[in-house]
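Below you'll find the structure, written out as structure tokens, and then a few comments.
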Ligand code: SAM
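In the working numbering, the protein residues as written are -8 to 263.
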């Protein structure tokens, strides 16, 4: 298979910067990502397949591969390239507007693997969508710029510690697989990238947790209590904080995932 740079030339296509189109052209990085994804016989969801560099690796092992690409030009080129591949479904959609139910209808109910070289401009919304999803995600291999990746491994009190760090580290074991320089991409971005592996830890998460996390970190300098007043009355907030064994004056950045699980469970209990 030609690499994405040669395919672009052959098809007379230009990368669309606004859609974060930096194609991975490093063959060894591509096979390493497929190896880490380890999707033998499993359904796979790929976000932003572009011209299919990673798709080509994943499709060899996946039982079924659903590739969701927003750019019609890329989706058409993919359909042409992979028209004889029976286990690949290419969908031209905005991933952020693709529901869990629609994805499950394509991939079935068994555990899935997610793989993506994420578009930089919406890395956080896509990751939040995946972390809050009710899909049976078993493992994710996600490529993103260094600065974004640091959020997923950040510890309490770190500058970039926030809702995504907590959700990711609660639901998954997160580890750094490799670092990629701009030379691995075409066109080369201005930043370095990191490949992260998310291995599922638990499927149990209180429903209220994402909303509570967002409100707790809404204003980083405010106390937990003051931030929670944005979504619930003072008495409910105080009871939930006390029930979770926390201090109302604490700041969200000092709390860990277990603290937020207790807090979300207390809120749900009080609301019942
Ligand atoms: N997977 C390819 C590779 O590694 O060479 C392309 C990766 S490129 C960084 C990101 C891809 O995501 C682009 O093909 C872009 O068109 C696509 N994309 C951008 N926004 C999207 C969205 N909201 N939903 C689905 N795909 C999107």
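All C-beta atoms, glycine included, are put in the ideal place defined by N, C-alpha and C.
Keep in mind the model is a prediction, meaning the values are calculated, not measured.
Between the segment 243 to 259 and the segment 220 to 231, do at least 3 Cβ pairs fall closer than 8 Å?
Three or more Cβ pairs closer than 8 Å define a contact, and the segment 243 to 259 meets that threshold against the segment 220 to 231.
Going straight from the alpha carbon of residue 106 to that of residue 221, what length do you get?
Distance between the alpha carbons of residue 106 and residue 221: 35 Å.
Euclidean distance between Cα positions of residue 192 and residue 198:
One Cα belongs to residue 192, the other to residue 198, and the distance between them is close to 17 Å.
In whole angstroms, what is the alpha-carbon distance linking residue 36 and residue 94?
In this structure, the alpha-carbon of residue 36 lies about 8 Å from that of residue 94.
Supposed contact pair residue 108 and residue 131 - C-beta distance, whole angstroms, cut 8 Å:
Residue 131 to residue 108, Cβ: 12 Å. No contact.
If you draw a straight line from the C-alpha of residue 81 to the C-alpha of residue 67, how long is it?
Roughly 9 Å separates the two Cα atoms.
Excluding five sequence neighbours on each side, which residues of the same chain lie with their C-beta closer than 6 Å to the C-beta of residue 188?
Taken in chain order, the residues that qualify are 27, 132, 166 and 168.
My assumption, with CB atoms under 8 Å, is that residue 14 sits in contact with residue 176. Please give the rounded CB distance.
That pair is a contact at about 6 Å.
Exposed or buried, which one is residue 242 when buried takes at least 16 other CB atoms within 10 Å?
The residue is buried, with at least 16 neighbouring Cβ atoms inside 10 Å.
Whole-angstrom distance between residue 248 and residue 201, CA atom to CA atom:
When the Cα atoms are used, residue 201 and residue 248 turn out to be separated by approximately 11 Å.
With a threshold of 8 Å on Cβ separation, who are the neighbours of residue 155 within its own chain once the five nearest residues in sequence on each side are excluded?
Cβ neighbours of residue 155 beyond the five flanking positions: 115, 118, 119, 122, 142 and 143.
Since residue 38 is in the beta strand (DSSP E), which residue starts that stretch and which ends it?
Here the beta strand (DSSP E) through residue 38 covers 34 to 38.
Sequence-distant residues of its chain with Cβ nearer than 7 Å to residue 244 (five each side left out)
Taking C-beta separations shorter than 7 Å and ignoring five residues to either side along the sequence, the partners of residue 244 in its chain run 147, 148, 152 and 211, following chain order.
DSSP-derived helix/strand/coil call for residue 51
Three-state result, residue 51: helix.
Integer Cβ distance of residue 60 from residue 30, believed to fall under 8 Å
Not really, about 19 Å apart at Cβ, beyond 8 Å.
Among 172, 180, 174 and 162, which one has its Cα closest to the Cα of residue 319?
What is shown of the chain runs -8 to 263, which leaves residue 319 out entirely.
Please state whether the Cβ-Cβ distance between residue 204 and residue 158 is less than 8 Å.
Yes.
Excluding the five sequence neighbours on either side, which residues of its own chain have a C-beta within less than 7 Å of the C-beta of residue 23, listed in chain order?
Closer than 7 Å at the Cβ level, and outside the excluded window around residue 23, lie 169.
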